[in-house]
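Undergrad: Sequential numbering of the sequence shown, starting at 15, is according to the working numbering.
Glycine included, C-beta positions come from ideal geometry on N, C-alpha and C.
Supplied in structure tokens, the structure appears directly below.
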Amino acid sequence: MTLKLIPYLFSAILYADSSDLINSNGVLSENKNIQMIVEIPAGTNKKIEYNSNNNTFEVNKINQKDRIIDFLPYPANYGFIDSTLMNKENGGDGDALDVLLISEALRTGTVVDIFPIGMLVMNDNNENDTKIIAIPVEKKLQIISVDSFKELKNNYPAILKIIQLWFLNYKEGNVIHFIRWDDEVSAKEEIDKWKVYKNQ
């Protein structure tokens, strides 16, 4: 099974039966696929984040107001790979590894098996910022037909342009620089690099 939904209540967006989501699901699913947790559904303009202190998904606040993306909404599902940590000592941003999943909108809290097809590398306010680009493993969830970064680049070049432009413009006040695109091999190496448990 490649898709499941973590129970939650929307408002506080609480987990029903989880004492610790982070590091509980792991990098790999029971089918040995890389899996991600969706925080922000495609088409959403609110910055929703997982709070590991109380196991909730919450809308990020700025000056006690919901953080609203003052740009186009998220072009794909956004979330993270559980049991990864881009620690600052090794040049990371201190968070789990981010993923942009190209598919129809999936609910906040969805855990889905993914296939990495590329990686966007940027610098955000002098910190390394890496986004894994992925498609769902499950065929019925796929909306584009690709198996590699080469196919994505050749068959859907506009997708790369849209994603790159979006990430360079969505975050008001931050200086973000594009560095490069990398392929699926580099994406998988990046995931391995930031695993909390190296035997996964």
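(1) Bridge partners for P150 per DSSP, in chain order?
(2) Would A148 pass as a contact of I128 if the rule is Cβ separation under 7 Å?
(3) Please state whether DSSP places Q178 in a helix, a strand or coil.
(4) Where V151 and V113 are concerned, what is the direct C-alpha to C-alpha distance, given to the nearest angstrom?
(5) Would you identify the three-state DSSP class for F163, choosing helix, strand or coil?
(6) Looking at the unbroken alpha helix (DSSP H) that takes in D107, where does it start and where does it end?
(7) Do M136 and A93 come within 7 Å of each other at the CB atom, strictly closer than that value?
(8) Is it buried or exposed for L99, if we count other Cβ within 10 angstroms and need 16 for buried?
(9) I'd like to know whether the C-beta atoms of A90 and I116 end up nearer to each other than 7 Å.
(10) E63 by DSSP, collapsed to three states: which one?
(11) Going by beta carbon distance, what residues of the same chain come within less than 6 Å of I54, once the five residues before and after it are set aside?
(12) Hey, how far is the Cα of I211 from the Cα of S97?
TA: On the basis of the supplied data:
(1) For the purposes of this step, residue 150 is taken as residue 136 along the sequence shown, with counting starting at 1. For P150, which the question treats as bridged, DSSP gives the partners I128.
(2) Position 134 of the sequence shown, counted from the first residue, corresponds to residue 148. Position 114 of the sequence shown, counted from the first residue, corresponds to residue 128. Yes.
(3) In the sequence shown, residue 178 corresponds to position 164, counting from 1. Note: Q178 maps to helix in three-state DSSP.
(4) Residue 151 sits at position 137 when you count from the first residue of the sequence shown. Residue 113 sits at position 99 when you count from the first residue of the sequence shown. About 14 Å.
(5) Translated into the one-based positions of the sequence shown, residue 163 becomes position 149. For F163, the three-state secondary structure derived from DSSP is helix.
(6) For the purposes of this step, residue 107 is taken as the residue at position 93 of the sequence shown. Per DSSP, D107 belongs to no alpha helix (DSSP H) and is neither H nor E.
(7) Translated into positions along the sequence shown, residue 93 becomes position 79. Translated into positions along the sequence shown, residue 136 becomes position 122. The sequence as given places Gly at residue 93; Ala does not occur at that position. Contact flag unset, no.
(8) Position 85 of the sequence shown, counting from 1, holds the residue named residue 99. That one is buried.
(9) Taking the first residue of the sequence shown as 1, we reach residue 90 at position 76. Taking the first residue of the sequence shown as 1, we reach residue 116 at position 102. Their beta carbons are under 7 Å apart, which means A90 touches I116 by this criterion.
(10) The residue you call residue 63 lines up with position 49 of the sequence shown. Strand at E63.
(11) Translated into positions along the sequence shown, residue 54 becomes position 40. Result list for I54: I62, Y88 and Y92, in chain order.
(12) Stepping through the sequence shown from its first residue, residue 211 is reached at position 197. Stepping through the sequence shown from its first residue, residue 97 is reached at position 83. Residue identity check: residue 211 is Tyr in the sequence provided, not Ile. Near 7 Å, if we compare the C-alpha coordinates of S97 and Y211.
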